[in-house]
Every structure is written in structure tokens, then in C-alpha cells.
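Residue numbers (the working numbering): 19 to 295.
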């Protein structure tokens, strides 16, 4: 099946726009609901275009990925540290308003936190949390890195301060499976600093109030060798929302970029079918 790809922008008055990367099936949509993919910290919509957007389009899904403010080609790159998690939630609201139907939400890492915060104010047909920051926040992740890989914590702090990520740090933090040198070099050029304000929000200041969170059908996925969001933290998120977690063996944090990414995509597609979507 041929696919239609587009890179669009969402108008934001005089304050520029948000980057949206879309992949649409060339023929009629087999599924009535679109999927909106939300990236994690240091990334952008590009991480979903690598594999997931074309894969889901081939299976009849209209897929869209947004670059949150300050990320990718979206507005505010020069004002990155002014953006909070609430700003990212507002980006989600703005993007969803442009879609023809309420989307299924798929959030990775920080994107999963943004999705949880969005669910404090609105419902969704279904939600998939992929290696998501749990509602308890990043404190357990920071402590885990401090004791097991302090050099990686130092590198992350340097990146938040505006430094560039190193290829070795990317490999250690994001991947467990082998990754080709040329791919790693390309990813190294695409990753970027993250808003320090958003990091603090996810650590202490703006965590989800699970008593207020809408409870759509939810799939919680994690990776066995994730250095950032451990299987224990995935279990915490799953417990908070009353659903069993699913942990993929022999994978690291960047589950949509790992060599076995298709296993993750196939499980999401299968689960959505199980939900009648």
C-alpha cells in the first residue's frame, strides 16, 4: 500500500507553529480513529517517522507525530527552557483540535507524562504509554542513574545545559541492541537539549494527579534494559492505572528506534484491534 506523507504546521497566531509529521494510507482508512504520537525528552516528531508512522500507515492507520514547542521544527527553539509540561499539554490540545476525530494517544518517556497530564482534563479513545515517566515522576530514574551510571547522569545534565549529546551517551542511554554507526551518528545530530523547567516539573512540581486522570483503555509498555525508565518504574505506572505492564526483553529505552522496534509496533496494533479500534 502506498502512503501519503506530509509535514504540516499548526497555526499559533503570531507565535509561529508546531511541526506535525503525518503518514496517511493512500487508500481509504481502515481505522476510523487517527493515532497521535508524542515524543520524549531531547527528541522530536522525527523519532516516530523513522519506523512507526510508515508502518502504521501501511496497516490503515492515519498517524501523526507532533514536535512539542522548542523541539524539531516547532516554535520556540530559542525559548526552550521557558516551556513547562503544561505548555506541552497545551501543544497536545492544539494539535488534537486540528484532527478529524479524537486520536489514540501514544506517548514515549516524557511524552507519556504529557499524555497523563492531558488526561487530567480530557478523555481519549485509548492510550499507550511507551517507556513512560510514571506518575510518581523522575526521581526514581535520577536515583537509579546516580547509583548505577553516574557518568550518564552527568552527560544528561550537560545536555540540559545546552551541550550536545555524545554518541557514546546516546548508545548507553537509549539502546540495548546493536545500532549501526551511521544511524547513531544521524540520531546524534537530531537529538537536542530539553527544557530544564519541564524536567523539574516531571521530577517534583507538576506530577499527574491520578485521582483526576481519565481512565481510557491503556497499554503500558517497557523495556528490560531501559536505563532511564526501569521495568520497576513501568510497573509503578501500570499499578497506578490498574493494568498489567508488558516488558519487552532485550530492548532499551528508545523502543521505537531499537532494532526490534517492529515487535513493539505490532503489539500496539494488536492491542488496538483487541479494543475494537
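Positions of the beta carbon are idealized from the N, C-alpha and C atoms, including for glycine.
Residue environment, residue i, which counts as buried when at least 16 other CB atoms sit within 10 Å
| i | result |
| --- | --- |
| residue 229 | exposed |
| residue 155 | buried |
| residue 251 | buried |
| residue 41 | buried |
| residue 222 | exposed |
| residue 165 | The predicted position of residue 165 is uncertain, since its pLDDT is 41 and thus under 50; a value taken from the coordinates is nonetheless stated next. Looking at its Cβ environment, which holds fewer than 16 other Cβ atoms inside 10 Å, residue 165 is exposed. |
| residue 11 | There is no way to answer for residue 11, as the model of the chain reaches only from 19 to 295. |
| residue 135 | buried |
| residue 62 | buried |
| residue 31 | At residue 31, the pLDDT of 33 sits below 50, so the modelled position is not reliable and the matter cannot be decided from this model. |
| residue 133 | buried |
| residue 113 | buried |
| residue 44 | exposed |
| residue 292 | exposed |
| residue 294 | exposed |
| residue 157 | exposed |
| residue 93 | buried |
| residue 199 | exposed |
| residue 286 | buried |
| residue 191 | buried |
For residue i, three-class secondary structure by DSSP
| i | result |
| --- | --- |
| residue 297 | This structure gives no information on residue 297, because the portion of the chain shown stretches from 19 to 295. |
| residue 83 | strand |
| residue 48 | coil |
| residue 260 | coil |
| residue 249 | helix |
| residue 137 | coil |
| residue 124 | strand |
| residue 200 | helix |
| residue 43 | strand |
| residue 151 | coil |
| residue 276 | coil |
| residue 236 | strand |
| residue 117 | coil |
| residue 145 | strand |
| residue 212 | coil |
| residue 56 | strand |
| residue 68 | coil |
| residue 101 | coil |
| residue 225 | coil |
| residue 74 | helix |
| residue 36 | strand |
C-beta atoms of residue i and residue j nearer than 8 Å
| i | j | result |
| --- | --- | --- |
| residue 148 | residue 225 | no |
| residue 91 | residue 219 | no |
| residue 284 | residue 70 | no |
| residue 145 | residue 273 | no |
| residue 212 | residue 106 | no |
| residue 48 | residue 78 | yes |
| residue 137 | residue 109 | no |
| residue 73 | residue 280 | yes |
| residue 197 | residue 189 | yes |
| residue 51 | residue 143 | yes |
Whole-angstrom C-beta distance between residue j and residue i, which should lie under 8 Å
| i | j | result |
| --- | --- | --- |
| residue 276 | residue 209 | Between residue 209 and residue 276 the Cβ distance is about 15 Å, and since that is not below 8 Å, they are no contact. |
| residue 232 | residue 141 | 4 Å |
| residue 83 | residue 68 | Between residue 68 and residue 83 the Cβ distance is about 10 Å, and since that is not below 8 Å, they are no contact. |
Any chain B beta carbon closer than 8 Å to residue i
| i | result |
| --- | --- |
| residue 123 | No chain B is present in this structure, which holds just one protein chain. |
Quick test of the definition: if touching needs 3 or more C-beta pairs under 8 Å, does the segment 113-132 touch the segment 88-100?
Contact between the segment 113-132 and the segment 88-100 is absent, with fewer than three C-beta pairs closer than 8 Å.
Taking three-plus beta-carbon pairs below 8 Å as touching, is the segment 250-260 in contact with the segment 139-155?
Yes, they touch.
Is it the case that the segment 209-216 contacts the segment 264-271, given that we only count it when at least three CB pairs across the two stretches are under 8 Å?
Touching, no.
Pairing CB atoms from the segment 246-253 with CB atoms from the segment 36-49, are three or more of them under 8 Å?
The segment 246-253, when compared against the segment 36-49, does not touch it at the 8 Å Cβ threshold.
Would you say the segment 46-61 touches the segment 126-138, given that touching needs at least three Cβ pairs under 8 Å?
In short, these stretches touch, since the Cβ pair count reaches three.
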